[in-house]
Ligand code: UDP
Ligand code: MG
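Numbering (the working numbering), first residue to last: 1 to 314.
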């Protein structure tokens with residue numbers, strides 16, 4: 001029999017969290033009487049996460065360990081887990097217990113009511129730094145203005161998805177996977193439950209400001225072409241004003257003679273527009289680079305070894 005519920009946990013250097021995370025999950029899930037599996041994806045950890053996971057698997061065969069060949073990033077690790085999950089309902093979680101397992105019974109209840117996606121929405125972000133809250137807010141405003149797919153604000157990857165949703169996700173062939181966007185893109189009947197996000201249980205966050213910035217770029221370029229068009233509209237506006245300015249110069253010259261002035265305006269215009277041009281080229285570069293990555297068709301992740309039951313046999 002395939003399990004009813006698959007939990008997916010991507011782990012990168014999460015050794016201090018392995019045991020406590022498993023214990024919390026077990027104490028919540030076992031009384032429910034549901035069959036479940038726990039898929040831990042070791043995303044190139046350099047600490048003893050793998051050893052601890054394997055020890056856990058000795059103890060409880062419902063734990064499957066997927067050891068990736070190196071660090072591929074959270075989105076890839078999550079994709080690996082989704083590809084391997086066998087349950088009728090799938091829930092991705094973080095290893096640091098910031099996604100409280102206590103919410104799982106509620107997610108399951110809503111799924112049984114007939115929803116395909118049950119989003120866990122953070123009612124407060126007090127566990128995040130002011131900087132992260134501010135930038136996250138700005139990011140969601142910005143991306144939801146620009147893209148057709150609406151990405152729910154204050155929802156992370158923590159959610160329940162039915163088998164139909166997971167199978168739909170597997171159809172998406174892109175290599176660069178902004179999961180939150182892909183989750184939103186597939187649609188399906190969605191509902192929400194709310195919770196307070198606790199601070200990280202142990203260890204440190206893997207997402208510093210630079211990684212978050214790149215994550216935001218990934219999201220924007222995956223779900224909007226608008227930045228590519230900005231240059232052309234800006235160019236049109238500038239040309240219009242340049243035309244007006246040209247008329248003014250001609251009239252000035254004809255009516256008042258030609259006093260040789262204009263070095264400052266020339267300099268400002270040159271510097272300003274060189275800057276604008278470089279930015280526009282940079283924007284094209286962001287898209288072109290991603291297009292290049294996609295065209296190489298490399299796999300999203302590589303599995304070094306899988307410790308668990310075969311994927312397609314119950
Ligand atoms: N993670 C991963 N690969 C990475 C970075 C992070 O699998 O390259 C995992 C990490 O182990 C954790 C989850 O992604 O389970 C979320 O990471 P973190 O808690 O550091 O992010 P935050 O909650 O600070 O956004
Ligand atoms: Mg976290």
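Where is the CB? At the ideal position from N, CA and C, for every residue including glycine.
Between the ligand MG and residue 196, a heavy atom-to-CB distance of less than 7 Å is absent.
A straight line joining the alpha-carbon of residue 247 with that of residue 257 spans about 15 Å. Per DSSP, the unbroken beta strand (DSSP E) holding residue 67 starts and ends at 63 to 68. Going by DSSP, residue 285 is part of the alpha helix (DSSP H) stretching over 263 to 296.
Residue pairing by DSSP places residue 10 opposite 41 in a beta bridge.
Per DSSP, reduced to three states, the secondary structure at residue 138 is helical. An exposed status is given to residue 255, since fewer than 16 other beta-carbon atoms sit within 10 Å of its beta-carbon. Assigned with DSSP and collapsed to three states, residue 196 falls in strand.
Using a 10 angstroms sphere on the CB of residue 148, the tally of other CB atoms stays under 16, which defines it as exposed. For residue 301, no alpha helix (DSSP H) encloses it, and the DSSP letter there is neither H nor E. Beyond the five residues adjoining it in sequence on each side, residue 3 comes within less than 6 Å, by CB distance, of 35, 36, 37 and 87 in the same chain, given in chain order. DSSP links residue 173 through a beta bridge to no other residue.
When the Cα atoms are used, residue 203 and residue 73 turn out to be separated by approximately 17 Å. Where residue 151 is concerned, there is no enclosing beta strand (DSSP E), because DSSP gives it neither an H nor an E. Around residue 116, the same chain offers 161, 162, 164, 165, 188, 189 and 190 as residues with beta carbons nearer than 8 Å, after the five sequence neighbours per side are excluded.
Relative to the ligand MG, the nearest heavy atom lies less than 7 Å away from the CB of residue 200. Distance from the CA of residue 265 to the CA of residue 228, rounded to the nearest whole angstrom, comes to 28 Å.
DSSP places residue 92 within a strand segment (E or B) once states are collapsed to three.
Contact between residue 194 and residue 123 is confirmed by a C-beta separation of about 4 Å, below the 8 Å threshold. The continuous alpha helix (DSSP H) containing residue 250 extends over residues 226 to 256. For the pair residue 186 and residue 168, the CB atoms are nearer than the 8 Å cut-off. DSSP places residue 97 outside both helix and strand once states are collapsed to three, so it counts as coil.
The Cβ-Cβ distance between residue 64 and residue 177 does not fall below 8 Å.
Taking C-beta separations shorter than 8 Å and ignoring five residues to either side along the sequence, the partners of residue 85 in its chain run 6, 8, 37, 39 and 166, following chain order. Here residue 245 is exposed. Its C-beta has fewer than 16 other C-beta atoms within 10 Å. In the DSSP annotation of this structure, the continuous segment of the alpha helix (DSSP H) that includes residue 53 starts and ends at 49 to 59.
Taking a 10 Å sphere around the C-beta of residue 281, we find fewer than 16 other C-beta atoms and assign the residue as exposed. Cβ contact annotation for residue 10 (same chain, cutoff 6 Å, sequence separation greater than five): 41, 43, 74, 77 and 78, in chain order. Here the distance from the Cβ of residue 154 to the nearest heavy atom of the ligand MG is not below 7 Å. Under the three-state reduction of DSSP output, residue 1 falls in the coil class, being neither helix nor strand. Residue environment: residue 27 is assigned as exposed (fewer than 16 neighbouring CB atoms within 10 Å of its CB, all protein chains considered). Within 7 Å of the C-beta of residue 225 there is not a single heavy atom belonging to the ligand UDP.
A Cβ closer than 5 Å to some heavy atom of the ligand UDP marks a residue here, and those residues are 10, 11, 12, 14, 43, 73, 74, 77, 94, 95, 96, 205, 206 and 207.
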